[in-house]
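Numbering (this note's numbering), first residue to last: -1 to 56. Where a beta carbon is used, it is the ideal one built from N, C-alpha and C, also for glycine. Structure first, commentary second.
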Amino acid sequence: MAEILGLGLSHYPPLCLPDAEMASLLRWTLNDESIPAAEKDVANWPAPMRAEWGRRLR
């Protein structure tokens, strides 16, 4: 019998950007008015996200 190997690949264009530009994507998202303020509040982010991004974005 044959076996099936299912793979996924993202074609999300910003993933082609250098790592230094990834913070720009989060900054852009935080400026989106349709996202609730509570979600943008660094205090509500998971601890690993706060540790990595909290100080750099504000």
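Beta-carbon spacing of residue i, residue j below 7 Å
i   : j   : result
P12 : L23 : yes
N42 : A36 : yes
Unbroken alpha helix (DSSP H) run spanning residue i, endpoints
i   : result
S22 : M20 to L28
E31 : First-last for E31: undefined, no H or E at that position.
A36 : A35 to K38
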